[in-house]
Each structure stands twice: as C-alpha cells, then as structure tokens.
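Trainee: Following this message is one structure expressed as structure tokens.
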Amino acid sequence: MKIAIASGKGGTGKTTLAVNLALRASETRNVVLADLDVEEPNSSIFISGNKLIEQQLFRSVPNWEKEACTLCGKCAEVCQFHAVVKLGETIMVLPKLCHSCFACSELCPVNALLMRNTPLGWLRVFEQGKLFFLESKLDVGEEMSAPMIKQTIAYMNDKLPEPEYQFRDCPPGTSCPVIAATGDADLVLLVTEPTPFGLHDLELAVEAMRQLDKRMAVVINRWGIGNDKVLRFCETERLPVWAIFPNQRKIAELYSRGELIYPKVQEFREGLDSILDKLDLMKREAE
Amino acid sequence: MKIAFTSAGTNWDAQIDPRFGRADFIIFYDEEKDEISSFDNRNIIKVAHGAGPQTAQKLFEFKPQVLITGNGPGGNAAAILSQMDLRIFTGAGGMTVREAYEAYKNGKLPQSD
Amino acid sequence: MKEIVIISGKGGTGKTSVAAALATIASQTVMADCDVDAADLHLILKPETRKSEAFFSGVKAVIDPNKCSSCGLCQDICRFDAVCHQGSVYRIDPLDCEGCGYCHHICPVDAIDLQEQQVGYCYISDTKYDCQLVHAKLEAGADNSGKLVTKVKKDAKEIARKTGMNYILVDGSPGIGCPVISSLSGADFVLLVTEPTLSGLGDMQRVNQLVEQFKIPTGCLINKSDINPEVTEKIRAYIQGKDILQVDEIPYDEEFSQAITLSQSLVEFNPAKWQPRFTKIWQTIIKELQ
Chain A
839 MKIAIASGKG GTGKTTLAVN LALRASETRN VVLADLDVEE PNSSIFISGN
889 KLIEQQLFRS VPNWEKEACT LCGKCAEVCQ FHAVVKLGET IMVLPKLCHS
939 CFACSELCPV NALLMRNTPL GWLRVFEQGK LFFLESKLDV GEEMSAPMIK
989 QTIAYMNDKL PEPEYQFRDC PPGTSCPVIA ATGDADLVLL VTEPTPFGLH
1039 DLELAVEAMR QLDKRMAVVI NRWGIGNDKV LRFCETERLP VWAIFPNQRK
1089 IAELYSRGEL IYPKVQEFRE GLDSILDKLD LMKREAE
Chain B
714 MKIAFTSAGT NWDAQIDPRF GRADFIIFYD EEKDEISSFD NRNIIKVAHG
764 AGPQTAQKLF EFKPQVLITG NGPGGNAAAI LSQMDLRIFT GAGGMTVREA
814 YEAYKNGKLP QSD
Chain C
166 MKEIVIISGK GGTGKTSVAA ALATIASQTV MADCDVDAAD LHLILKPETR
216 KSEAFFSGVK AVIDPNKCSS CGLCQDICRF DAVCHQGSVY RIDPLDCEGC
266 GYCHHICPVD AIDLQEQQVG YCYISDTKYD CQLVHAKLEA GADNSGKLVT
316 KVKKDAKEIA RKTGMNYILV DGSPGIGCPV ISSLSGADFV LLVTEPTLSG
366 LGDMQRVNQL VEQFKIPTGC LINKSDINPE VTEKIRAYIQ GKDILQVDEI
416 PYDEEFSQAI TLSQSLVEFN PAKWQPRFTK IWQTIIKELQ
C-alpha cells in the first residue's frame, strides 16, 4: 500500500511524521520510505542505515549535431519552453529549461538534435533493519523537481521488493511536484497544524487532492498552539483525523538534533501506533 | 564599442533595471556613432519559463561588447551570453543609465566572470 | 525604491511571521506575497481586495473530437502518458499534459489545439496596516514557474512608483526552484530566516548558493535560536564565513503561534515586546540599503 505524506504548508511536520512512522512500522514489517522533497530532502538526518546504492539520475536533453544542421530553425520554433534557441549560425540548447518532450529531436528534418543524458541529481538507497530508505536530491540549479520525483517512484516500484507499506515524504505545496509525488498513492496523509496558516493551507491541499480523486486522512501536529478550527473543518468536510500530536518543546528539540521522537515521547508513539492500526484496517478492507 | 544596459526606461536618465532576463528595456549605445536606441522587453512578462534566454537572444542581434546591469544574468541567460564576445559589468542597480556609464568608464563597476 | 526579499529554504521557520511583523512597523512600504503556491501573508494582513486579475500561464493540448481521425499518433509520441483512448477518439488528460506541443505539431488532421490556461489570480489589496499588499493564488496542480511571482513583484513595483513608496518587502517562496529564483531576481537585499535544526541549516546553505549566483547583499535571522545551541553556533560560523550580516537571533517563543492564531502580527499581539525588536531589525536592513 502506498501512502503519501503531504501538506499545503511547509514546516508542519511531514518529515517528522514520515520518518518516525516508517521506522516504527519497520520494527515489525517491511517498509519503504522515499524522501521526495527533492529540492530540500531532510529525512536522511534521522536515518542511519547502511548505504546500499548511490546512483546518478539523468534526464534526456537534446544535443546539437552541428555538421548535420541546416539551420532551418524548426527546433526553436517547436520548443514551448524556449529551451532551444537559434543564435545566428548556432543552435543552443538550455538543458535546465528542457522538459524532455523529444519534440525538437524527433521533428528535426535532418536528425541534427540527438537526445543525450544530462545529470539531474542523485538517488541513494539505505537499509536499516526492515526499512529501505530512498533519498533523491536535485542538483542545485536544476529547476524542475517532477522528473526526479517520477524517476524515484519508478525506481521504488520496479527495483525494490514490494513492502507492506510504502511511505512518501512529499514536497510542500500543491503545485506540480506534489502532483507527481502523490501520483499513484492509495492514501494521502495531510499533515497540518491548528493555526490559521495550517488551516488555510490544508484547504488548498484538500482541494488539490480532490481534483486527483485521492483518498485522504488528516494528522494534526502541535495541538495546543492555536484553536480548534482545523478540527471543525475536518468534521465539516468529512475528513478522518487519524492522529493529534501535542505541542511539546521537547519534540522540537529532538527534531533539531536529528533524533527520533517516538522512542522518547509516549504520546507520540501512541499516535503513530493508532495510525498504523488504521492503515492495517484499510489494507484488510482492500483485500 | 557597443554597450547594452538593462533599463527601466528608454533614455540616459532612466533607472538601471537590476534584472537581466525580465528587464523592462534594453538600451543599446554605440560609442563610435554616439547613437542610442532601445528595445522594449516588457512583453517578457508573458513568458513563464526561459525569460533570461529570450532576452539574451535580443542582445545577440545587436552584438554589444559590453553589458551593464544590476544583479547579473541568471544561469540560463548567462549560458547564452557566454556564446558572445561580451564583458558583463554588474552593480549598477540604483543608478541612472548615464551614471552607470560613467561608473563603467571610471572602472567602478565589478566585472562578472 | 529598494526591494527586500525574505526567504528561508525550509518551510516553517517563521518567514511569514517576520514579514508580517516588519509590515506592521515599516513605513513607505509595499508588501508582496510571492509564496504563490501557499500564500499566507493575507491571513494576518487581512486585505481588502481592490483589484483582481486572472493569470494565464502555459498551455495544454486539447483534441477536438470532431476532427480526430483516431490514428493514435499523439499517444505514440507523448512522453508524459497524457493521451488516452476514449471510445472512438483520443483524449488528453490536462493534469498530465506538460504543454510541450509535440502532439499539436504531429497531428495529421490538425485536431489538436494548444490552449492558454488560467492558473490563478493576482490581487492588489489594502491592508489593516499602512501598506498595500500584492498577492496571488495559484490553482491546485498548476505549474509554478517564476511567471506569477514576477507579476506580483511587477505590480508591487508599479504601486510603489505611483504612490511614492521607498521599499518593497517580499515574502518569498520556499525551496530552490523557479519561484525562488524569480523572487530573488532584482532584489537589493535578501533576509534569510532560518532555525537551528539540521534541516534548517542544510536548506539555508542550499538556498544561499542561489543567492550567491545573483550577488545580492544578504542578512540572516535565526529564529527559535535556543532550541539547539550547537546548531546555532554552526549557523553563526557559516554566515560569518560567507560575509552574511547577522541580523538577529530570536529565542523560541510561543507568541509566534499565538499571534497567528489571532490573525495578528507579533507587533500587534505584544507591542511592548516586539515593536522595539522589529524596529531594530528594520533599521538594520535599511542601513544596509544606503
């Protein structure tokens, strides 16, 4: 079963939940956790397994074959992203803007643009007990997250043995990287906090997930810092709330040191276990 | 020498636009002929991706030897500009085009590498 | 007219709270909320919208079912799996379509059109403080390029020019992608708001690489500075090494959340405590702009 952990707002505790939930679950079952916040992946701070694989990820970008080119300019005309530019007698490709659609390459009448691999970032796979952890990190300067996210998901689905639960720590927000990360997930766990920012961004996230027809549940973090409007929103919208975690300075401190929360904070552990119970139930219902 | 400026207006008294890719205007000054002209780049707001390269292409047509701007071009624009025989001077933000030209002549603007 | 951009790399460091607090005390300033994916500044500033403009960006391919000859060529070449077979014709899923236009060029019967997408709105509003706010809403699933951010900044600049304001204060986007790059373009000063967690430090370093590319003077505010003295020290060392101005260190304070919950800025919530502090922060930034 694939579970995406997302939120409209950054800083609500997605990574904290993803990491703690995955490691707690891995005490008794096979689990995969992927950090898909490829611009700023942070889960690895909390995980200390053995590195199994380190591999560079690429995407396809056109390369100009000068000798074959007739300078017709069709490539520059066709590219919607201004990634292929005609400068006098030169055709220049801007890899960062390229969406890898292959249009310029395949529509070139003389085959003067050949698709080649260009580095995108790095994928690392770690093993810790029954947990496989994948971290994908986009190279600074690369502007698009979605291709990396899609490749990481494909890697998880194709190359790793199927786990009982596959958790995805998603990027914040509701734009295209999040859509790519939640892609084929069976459930989206939305993490929020009981403040106006948390509620507002939860509304945006719910709207986005509804467009994708995704099953959702909500986790409320840092309960106590604001008001109960977020809980009432969930009631009105019939969104199940699977856990409410209290606001405790101790939790912030543990996080700041890169430590796991659940071994040291009982309420947190209980909250995680109740989420796992609900996941088990959902899994049984599906079978 | 031919000099290009990123600018908020079309004449010597206009403010330098600190941006490159999304600069409102590009002013071209031909030192030998003492001629000034400008290109209205404001349509660039319609462009989602690749504003820098598109503006850089405009420079390619005019073929300046010097570009004077505020912050400096971003990565994609810089890639295109590197195809030209061009020296880029930054730090002119906050000046008028005239002041930026003086500063450049007096060696007060840092050159980008 | 000077532009100050507040970014953080990581979400949740208090960037928007800082922006709102500065908005309360700053004078001669226009606010711009460039975190268009999850805009929050308006929740504190309580704007009254004076003007709203639909925002268009990117295209999506659309097949005219009446013209479609069912040859399936579009499906063959689409790299994004956006084309599906529906009965006797083909259909493009707008959520998957990247707008590359390949199918439009290749369709033998010209049945595919590229249509401009409305992906959000840009608003100009009055606020409860002395400043106007330019903000935007990006629709769910939209491609967040720098375009909407640029529009927000452009409108802010125009207002500043027309009303004789001296400063534009920008609440920037998280991350290191296109929206952040657009937020930074044209800035005169960057304020990095970070927190002493390993994540906060790492994200700040990555976003600073972007800032360095644009060569913009930078300052740093460490929020929740006492939750991890070791990491706070690491941040101090980093900013010293990079010639980044140390703007302030604010210890962890529940009032950040308490103020937001009441839709107030920190300065409104507890003026005695926060007004002097943020006034000093504002002066520090202004001084750098001279």
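Residue numbers (this note's numbering), protein chains in the order written: chain A, 839 to 1125; chain B, 714 to 826; chain C, 166 to 455. C-beta: ideal position from N, C-alpha, C; glycine also.
Short of 6 Å in beta carbon distance, which residues of its chain neighbour Gln283 (chain C), apart from the five on each side in sequence? Order them along the chain.
Mentor: Once the five neighbours on either side are set aside, the close Cβ partners of Gln283 (chain C) are Ala219, Phe221.
Trainee: With a cut-off of 8 Å, do at least 3 Cβ pairs link the region 403 to 423 of chain C to the region 1099 to 1119 of chain A?
Mentor: No, the region 403 to 423 of chain C is not in contact with the region 1099 to 1119 of chain A.
Trainee: Need the endpoints of the alpha helix (DSSP H) that Val372 (chain C) sits in, please.
Mentor: Taken as a continuous stretch (DSSP letters only), the alpha helix (DSSP H) holding Val372 (chain C) covers 363 to 379.
Trainee: Go through its chain and collect everything with a Cβ distance to Thr359 (chain C)'s Cβ below 8 Å, but skip five positions before and after it.
Mentor: Same-chain partners within the cutoff: Ser173, Gly174, Lys175, Thr178, Gly365, Leu366, Asp368, Met369, Cys385, Leu386, Ile387, Asn388, Ile400.
Trainee: Quick check on this structure: which residue in B:Pro786, B:Ile749, B:Asp743, B:Val779 has the alpha carbon closest to the alpha carbon of Ala764 (chain B)?
Mentor: Checking every option, the nearest Cα to that of Ala764 (chain B) belongs to B:Pro786.
Trainee: Name the DSSP bridge partner or partners of Met953 (chain A)?
Mentor: Partner(s): A:Pro900.
Trainee: Do Pro1001 (chain A) and Leu874 (chain A) have their beta-carbon atoms positioned less than 8 Å apart in this structure?
Mentor: Not a contact, by the Cβ cut-off of 8 Å.
Trainee: Runs of 4 residues minimum, wholly inside the region 222 to 275 of chain C: which ones carry the alpha helix (DSSP H) assignment?
Mentor: Counting whole runs of 4 or more residues, the region 222 to 275 of chain C contains the alpha helix (DSSP H) stretches 238 to 242, 267 to 271.
Trainee: Is the region 936 to 945 of chain A touching the region 880 to 895 of chain A in the sense that three or more CB pairs, one from each, lie closer than 8 Å?
Mentor: With a cut-off of 8 Å, the region 936 to 945 of chain A and the region 880 to 895 of chain A do not count as touching, because too few Cβ pairs lie within range.
Trainee: Determine the direct distance from the alpha carbon of Phe741 (chain B) to that of Leu279 (chain C), and round the result to whole angstroms.
Mentor: Those two C-alpha atoms are separated by around 36 Å.
Trainee: When Cβ atoms are compared, which residues of the region 350 to 374 of chain C fall closer than 9 Å to chain A?
Mentor: Listed by position along the chain: Glu360, Pro361, Thr362, Leu363, Ser364, Gly365, Gly367, Asp368, Arg371, Val372, Gln374.
Trainee: Please confirm whether Leu334 (chain C) and Val376 (chain C) have their CB atoms less than 8 Å apart.
Mentor: It is not a contact, given that the beta carbons lie outside the stated cut-off.
Trainee: Compare the C-beta of Gln240 (chain C) with all C-beta atoms of chain B and state if any pair is closer than 8 Å.
Mentor: Closer than 8 Å: no.
Trainee: In the DSSP assignment, what residue or residues form a beta bridge with Arg862 (chain A)?
Mentor: Answer is none; Arg862 (chain A) lacks a bridge partner.
Trainee: Asp1066 (chain A): buried (16+ other C-beta within 10 angstroms of its C-beta) or exposed?
Mentor: Exposed, because fewer than 16 other Cβ atoms sit within 10 Å of the Cβ of Asp1066 (chain A).
Trainee: Enumerated in chain order, which unbroken segments of the alpha helix (DSSP H) with a length of 4 residues or greater are wholly contained in the region 926 to 1011 of chain A?
Mentor: For the region 926 to 1011 of chain A, whole alpha helix (DSSP H) runs of length 4 or above, ordered along the chain, are 941 to 945, 984 to 997.
Trainee: Going by other Cβ atoms of all chains shown within 10 Å of its Cβ, with 16 needed for buried, is Ser795 (chain B) buried or exposed?
Mentor: So Ser795 (chain B) ends up on the exposed side.
Trainee: Excluding the 5 residues preceding and the 5 following Asp977 (chain A) in the sequence, name in chain order all residues of the same chain whose CB lies nearer than 6 Å to its CB.
Mentor: Gly959.
Trainee: Taking the beta carbon of Leu260 (chain C) as the centre, do at least 16 other beta carbons fall within 10 Å, making it buried, or is it exposed?
Mentor: So Leu260 (chain C) counts as exposed.
Trainee: Measuring alpha carbon to alpha carbon, tell me which of A:Asn901, A:Gly846, A:Glu915, A:Val870 ends up nearest Val857 (chain A).
Mentor: Per the Cα distances, A:Val870.
Trainee: Does DSSP put Ala813 (chain B) in a helix, a strand or coil?
Mentor: In this structure, Ala813 (chain B) counts as helix in the three-state DSSP scheme.
Trainee: Once DSSP output is grouped into helix, strand and coil, what is the label at Leu208 (chain C)?
Mentor: Looking at Leu208 (chain C) - three-state DSSP - the assignment turns out to be helix.
Trainee: Give me the Cβ distance between Lys988 (chain A) and Ala1018 (chain A), rounded to the nearest whole Å; I'm assuming they're in contact under 8 Å.
Mentor: With a Cβ gap of about 6 Å, Lys988 (chain A) and Ala1018 (chain A) count as contacting.
Trainee: Quick one: residues in its chain with C-beta nearer than 8 Å to the C-beta of Ser428 (chain C), no 5 flanking neighbours on either side, listed in chain order?
Mentor: Cβ neighbours of Ser428 (chain C) beyond the five flanking positions: Leu208, Ile209, Lys211.
Trainee: Out of C:Lys302, C:Asn373, C:Gly264, C:Ser235, which has the shortest C-alpha to C-alpha gap to His250 (chain C)?
Mentor: When each option's Cα is compared against that of His250 (chain C), the closest is C:Ser235.
Trainee: Just by C-beta distance, which residues in the region 334 to 347 of chain C are closer than 9 Å to chain B?
Mentor: Listed by position, the residues of the region 334 to 347 of chain C near chain B (Cβ gap below 9 Å) are Cys343, Ile346, Ser347.
Trainee: List, in chain order, every chain A residue whose beta-carbon is nearer than 9 Å to that of Pro766 (chain B).
Mentor: In chain order: His920, Ala921, Val923, Met930, Leu932, Leu935.
Trainee: State the Cα-Cα distance for the pair Leu303 (chain C) and Val201 (chain C), rounded to the nearest angstrom.
Mentor: The straight-line gap from Cα to Cα measures roughly 6 Å.
Trainee: Any idea if Val948 (chain A) is buried or exposed, counting beta-carbon neighbours within 10 angstroms, 16 or more meaning buried?
Mentor: Val948 (chain A) is exposed by the Cβ-count criterion.
Trainee: Please state whether DSSP places Met1120 (chain A) in a helix, a strand or coil.
Mentor: Helix, per DSSP.
Trainee: Just tell me which of C:Phe434, C:Ser347, C:Thr292 has its CA closest to the CA of Lys312 (chain C).
Mentor: Lys312 (chain C) has its Cα closest to that of C:Ser347, out of C:Phe434, C:Ser347, C:Thr292.
Trainee: For a contact meaning CB atoms closer than 9 Å, what does Ile883 (chain A) contact in chain C?
Mentor: Per Cβ cutoff of 9 Å: Thr362, Leu363, Ser364, Gly367.
Trainee: If we ignore side chains and look at the alpha-carbon of each, how far apart do Gln1086 (chain A) and Arg1060 (chain A) end up?
Mentor: The straight-line gap from Cα to Cα measures roughly 7 Å.
Trainee: Between which two residues does the beta strand (DSSP E) carrying Pro1084 (chain A) extend?
Mentor: From DSSP, the beta strand (DSSP E) with Pro1084 (chain A) extends over 1079 to 1084.
Trainee: Could you give the DSSP three-state label for Leu386 (chain C): helix, strand or coil?
Mentor: Strand, per DSSP.
Trainee: Is there a Cβ from chain B that is less than 8 Å from the Cβ of Gln448 (chain C)?
Mentor: No, no contact with chain B.
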